[in-house]
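Enquirer:
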Amino acid sequence: MVKQERIWITGATRSGKTSHLIRQFYQWVAVAQPNAAVPASYTLAAPHTLEPASDLLPSTGLPGILVFAAIGDNRIDLVDRLVAATQSQYSFNSTTPLGFFQDEVTLFWPLLIQQLDLKAQFPLRLNPENEQELAARLWQPEIDRVIGSQAAINEARLVRKILDLLQLAGLAGIPVEDIPLRLQQGLAKQDGELPIPFETVGMMLQQWQQWCLERGLLTYGITAGLYWQYLLEHATYRSHLIQRYSLILADDVDEYPAIARHLFEHLLNAGASAAFTFNPDGAVRLGLGADPTYLAALANQCEIVELSDRPTPSLSDDLGETLVEFAINPLRFLALPESIQAIQTVSRSELLRQTAETIIAAVQSGQVEPRNIAVISPGLDAIARYALIDILTKHQIPVESLNDQRPLISFAIVRALLTLLTLVYPGLGRLVDRDAIAEMLVVLGNRGQILDSRSATSSNPTYPTLAIDPVRAGLLADYCFAPHPERPRLLPATTFPRWDRLGYQTSEAYQAVIQWIETQQSQLEQRLIPNVVSLLDRAIQHFLLGGSSLAFDQLSALRQLIETAQHYWEVADRVRRSNAAVDQGATRQTAPPTVTISQFIQLLRNSTVTANPYPVRPIGAASNAVTLATVFQYRSSRRVHRWQFWFDAASPRWLSGVDALFASPLFLQNWSGGLWTAAHAMDANEQRLRRILLDLQSRTEERIYLCHSDLATSGQEQTGVLLTLVNAATLFTTL
């Protein structure tokens, strides 16, 4: 018999939970190779010594090993540490809860086809932007009725809120049919954020789910619902699951959804061994589908290992709960230590400057390296990001803006390529204007010399010698662009009365753009261009030298553009073919290709799609960079720094900042079923603030700067909950 062990490792932030998990993993799997030596850095020390059990694993080899992390970036770090600890001796399957559900539903799709009587077709995952666009079209009649009576409603936000309800229900193990009842019980009456009758919302979601399943389309919410409601209950799937995995490692389960507990309990009941780590004060993703209280009940089935001592020092050792209590209930004076200081100004612009100057002085004096500094705020707007990046980079201090997902449309090269589409394909003339033409000529008329405002970060930006500079591009757009709703055209340079002022290089470069467009139009008429993705690739190869001359962020944007276009047309083709099959041959007018292209361009222009920069870890000089992040981004990344700058320290968003989905408390397993009141919301906000303050203190080793301006960007006075800390720190700093 194989001995079963269940370990529950609990402790505060940076108490060594993940390291203990890795050591436990090595001790278990080392039984398969008894002569393998445990690396010195991972030797388990008392009082948590756990000897390998000789009957835990079969001596003939390793069991199936399933390793979970909360999110993708954490998964990469965990995998690296596991590989280093075991010297790459053992193989395992690493994933995230959402990734696992998605992979399993895809792998066992034939079982779901049988259960739900679906069409036999391979499932296709919808990106969030596709999900929102298609749902908006399906629900358009209902949305039009609502918006017709309430003009102030934002259609995109309304659609997103409704779709998020399906995701919350799927991750919580709640049938979609029960959503209206939960909304009715929790909100009591019509909520201003959801101005549609709750019963109608339920019908809309059921209609959307059925529409997607008929076409083999999967969203995160639908995937989660299919997994817990049908797949995990299927006898054939359960037998395969037990055979595949008999050892589970799950790090940070306080960030997992409720249905992850269903999965774990099934494997534990089947005899699997498991080790979990849990942070009672973590719950970063609470409100985004995580249910830490429900997951915490797994501890009742495990041997509990409590880690109380932190291996490395942090400011939480000196303050911790004391700082939290003073911030929330400032009924007594708190003498702050020297490690907490204040930067206080009247205006926010001055605060940005002083914060940057403090960082510059510390780096230049050698007190701290950029990689050991983090600037954290409850909500970093674009102005603050740009200002800090601009000031610091001028002093040769790199900045890593954590998860700074810029909209694709913010890149000049992306806008230029979209403009190019309107000139090649007919019927898109209403989507282009003279300004767009001028920008396209500057970007594409200078092969290999791409301009982007983000790249010009130096104090005296210099531009290469351009064949088509912005001034000449403007003249060409004014005099040589012929607008037309069906066939907008670029006319010869000689159309400009003073074409001699353009110069030879500009005229030749402009003529080359015209020639390329005409060639593509001719090939389009001959059906030699398969689709828009092919045309975009041709343009990138021709005008942008295949991306070889681009900065990394621009190359990342191009990659995301191509991936988005490929997925968009794959989904559009699936919907077109499935509609015909669902309608069973009924007369249906197929939308012309230009309609799809127009919808794609408008999708990008709505800033729905963002560029996702990779790799996760900066390399070279960029690795020694100041981290710039929101509180949520910083906590999710599990980073640690010597110095932290809490920017906008007196902002009300520290207490009431929105990092949760609409109505998310109603989908927690411990929800009482009663009305969610303002008192409940205040208590939840205070608990969230407590977790934030404890976590951030534990993630800084030497110093915290409370950066406060009396006035916010809007001109309003900032009197948030942390103002008492700012005042106490200011008093100490001035003494």
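If you read the sequence shown in my numbering, its first letter stands for residue 1, the second for the next number, and so on. All C-beta atoms, glycine included, are put in the ideal place defined by N, C-alpha and C.
1) Since I373 contacts W643 with CB under 8 Å, what's their CB separation in whole angstroms?
2) Among the candidates R310, P311, E265, N93, whose CA atom is the shortest distance from the CA of N300?
3) How is the alpha helix (DSSP H) around Q27 delimited, first residue to last?
4) So, does the segment 593-610 touch the segment 405-425, judging by three or more C-beta pairs under 8 Å?
5) Candidates R605, Q716, H395: which alpha carbon is nearest T358's?
6) Using the C-alpha atoms, what's the distance from G202 back to A169?
7) Looking at F68 and F25, is the spacing between their C-beta atoms short of 9 Å?
8) Under a Cβ-count criterion, where at least 16 other Cβ atoms within 10 Å of its own Cβ denotes burial, should N269 be classed as buried or exposed?
9) Could you tell me the boundaries of the beta strand (DSSP E) in which S347 lies?
10) Assuming T564 and V609 make a contact with CB atoms under 8 Å, what is their CB distance in whole Å?
11) DSSP three-state label for P128, please.
12) Pick from Q523, P407, W569, Q669: whose alpha carbon is nearest that of S556?
13) Please go through the same chain and pick out, in chain order, the residues whose beta-carbon is closer than 6 Å to the beta-carbon of L315, but skip the five residues on each side of it.
14) Going by Cα to Cα distance, which pick from A681, I76, I304 is closest to E5?
15) Under 8 Å, with one C-beta from each stretch per pair, do the segment 717-727 and the segment 642-659 reach the 3-pair mark?
16) I need the straight-line Cα distance from L661 to F667, nearest angstrom please.
17) When you compare only the Cα positions, how much space is there between N74 and S637?
18) Can you grab the Cα-Cα spacing for the pair S453 / R605, in whole Å?
19) State buried or exposed for P47, treating a residue as buried only when at least 16 other CB atoms are found within 10 Å of its CB.
20) Could you give the first and the last residue of the continuous beta strand (DSSP E) run that contains I739?
21) With a threshold of 7 Å on Cβ separation, who are the neighbours of G657 within its own chain once the five nearest residues in sequence on each side are excluded?
22) How is the beta strand (DSSP E) around A335 delimited, first residue to last?
23) Expressed to the nearest angstrom, what Euclidean distance is found between the alpha-carbon atoms of I65 and A120?
24) Does DSSP classify N372 as helix, strand or coil?
25) For a test of the three-state rule: what should DSSP assign to I397, helix, strand or coil?
26) Please give me, in chain order, every unbroken run of the beta strand (DSSP E) with length at least 3 that falls completely inside the segment 626-650.
27) Quick check on the burial criterion: 16 or more other C-beta atoms within 10 angstroms. Buried or exposed for I383?
28) Looking only at its chain, what residues have a beta carbon closer than 7 Å to the beta carbon of E193, apart from the 5 residues adjacent to it on each side?
29) If you drop the 5 nearest sequence neighbours on each side, which residues of the same chain put their C-beta closer than 6 Å to that of R371?
30) For C707, which residues does DSSP report across the bridge?
31) Rounding to the nearest angstrom, what Cα-Cα distance links G736 and Q633 in this structure?
32) For S15, count neighbouring C-beta atoms within 10 Å of its own C-beta (all shown protein chains included) and say buried if the count is 16 or more, exposed if not.
33) Using a Cβ-Cβ cut-off of 7 Å (strictly less than) and excluding sequence neighbours within five positions of G289, which residues of its own chain qualify?
34) Can you tell me whether G221 is helix, strand or coil according to DSSP?
35) Does the segment 230-239 come close enough to the segment 80-87 to have 3 or more Cβ pairs within less than 8 Å?
36) Are the segment 111-127 and the segment 208-219 touching, with three or more C-beta to C-beta distances below 8 Å?
Expert: Here's the rundown:
1) The residue given as residue 373 occupies position 373 in the sequence shown. The residue given as residue 643 occupies position 643 in the sequence shown. About 5 Å separates the two Cβ atoms, so the contact holds.
2) Taking the sequence shown and counting its residues from 1, the one referred to as residue 300 is at position 300. Of the listed residues, the one whose Cα sits closest to N300 is E265.
3) For the purposes of this step, residue 27 is identified with residue 27 of the sequence shown, where counting begins at 1. Counting along the chain, the alpha helix (DSSP H) containing Q27 begins and ends at 17-29.
4) Between the segment 593-610 and the segment 405-425 there are three or more C-beta pairs closer than 8 Å, enough to call the two in contact.
5) Locating residue 358 in the sequence shown gives position 358, counting from the first residue. Ranked by Cα distance from T358, the options R605, Q716, H395 are led by H395.
6) The count along the sequence shown starts at 1 and reaches residue 169 at position 169. The count along the sequence shown starts at 1 and reaches residue 202 at position 202. Approximately 11 Å, taken between the alpha carbons.
7) Position 25 of the sequence shown holds residue 25. Position 68 of the sequence shown holds residue 68. No, the pair does not count as a contact, with Cβ atoms beyond the cut-off.
8) To locate residue 269, count along the sequence shown from 1; it is residue 269. Around the beta-carbon of N269, fewer than 16 other beta-carbon atoms lie within 10 Å, marking it exposed.
9) Stepping through the sequence shown from its first residue, residue 347 is reached at position 347. Run containing S347: none; DSSP gives neither H nor E here.
10) As a first step, residue 564 must be located in the sequence shown, where it is residue number 564. As a first step, residue 609 must be located in the sequence shown, where it is residue number 609. Between V609 and T564 the Cβ distance is about 5 Å, and since that is below 8 Å, they are a contact.
11) Start at 1 with the first residue of the sequence shown, and residue 128 comes out as number 128. P128 falls in the helix class under three-state DSSP.
12) Taking the sequence shown and counting its residues from 1, the one referred to as residue 556 is at position 556. Of the candidates Q523, P407, W569, Q669, the one whose C-alpha sits nearest the C-alpha of S556 is P407.
13) The residue labelled residue 315 in the question sits at position 315 within the sequence shown. Cβ neighbours of L315 beyond the five flanking positions: S339, Q697, T700.
14) Translated into positions along the sequence shown, residue 5 becomes position 5. Answer by Cα proximity: I304.
15) Verdict: yes, contact present.
16) Here the question's residue 661 lines up with position 661 in the sequence shown. Here the question's residue 667 lines up with position 667 in the sequence shown. Looking at the two C-alpha atoms, the distance is approximately 11 Å.
17) The sequence position of residue 74 within the sequence shown is 74, counting from 1. The sequence position of residue 637 within the sequence shown is 637, counting from 1. Distance between the alpha carbons of N74 and S637: 7 Å.
18) One-based indexing of the sequence shown puts residue 453 at position 453. One-based indexing of the sequence shown puts residue 605 at position 605. Any answer about S453 is weak, because its pLDDT of 41 lies below 50 and its placement is not dependable; what the coordinates show is given next. Between S453 and R605, the C-alpha separation is close to 18 Å.
19) Residue 47 sits at position 47 when you count from the first residue of the sequence shown. With a pLDDT of 32 at P47, under the threshold of 50, the modelled position of that residue is not reliable, and no figure is offered here.
20) The chain is shown from 1 up to 735; residue 739 falls before or after that span and cannot be answered.
21) Taking the first residue of the sequence shown as 1, we reach residue 657 at position 657. These residues qualify, in order along the chain: P378, G379.
22) To locate residue 335, count along the sequence shown from 1; it is residue 335. Judged by DSSP secondary structure, A335 falls outside any beta strand (DSSP E); it is assigned neither H nor E.
23) Indexing the sequence shown from 1 puts residue 65 at position 65. Indexing the sequence shown from 1 puts residue 120 at position 120. In this structure, the straight-line span from the alpha carbon of I65 to that of A120 is close to 31 Å.
24) As a working mapping, residue 372 is identified with position 372 in the sequence shown. Residue state, collapsed to three classes: helix.
25) Here residue 397 corresponds to residue number 397 of the sequence shown, with the count starting at 1. The three-state secondary structure of I397, taken from DSSP, is coil.
26) Listed in chain order, the complete beta strand (DSSP E) runs (minimum 3 residues) inside the segment 626-650 are 626-630, 641-647.
27) On the sequence shown, position 383 is the one that residue 383 refers to. Burial check for I383: the Cβ neighbour count within 10 Å stays below 16, so the residue is exposed.
28) Counted from its first residue, the sequence shown places residue 193 at position 193. Apart from the 5 residues on each side of it in sequence, E193 sits with its Cβ closer than 7 Å to the Cβ of K161, F662 in its chain, given in chain order.
29) Position 371 of the sequence shown, counted from the start, is the residue given in the question as residue 371. Only N624 meet the Cβ criterion.
30) For the purposes of this step, residue 707 is identified with residue 707 of the sequence shown, where counting begins at 1. Answer is I343, F647.
31) No answer is possible for residue 736: it lies beyond the span of the chain, which begins at 1 and ends at 735.
32) Mapped onto the sequence shown, residue 15 falls at position 15. Counting other Cβ atoms within 10 Å of its Cβ, S15 reaches 16 or more and is therefore classed as buried.
33) In the sequence shown, residue 289 corresponds to position 289, counting from 1. Closer than 7 Å at Cβ, skipping near neighbours: Q167, L168, L171, P257.
34) Walking along the sequence shown from the start, residue 221 turns up at place 221. In the structure shown, G221 sits in a helix (DSSP, three-state: H, G or I).
35) Touching, no, given that fewer than three Cβ pairs across the two stretches are closer than 8 Å.
36) The segment 111-127 is in contact with the segment 208-219.
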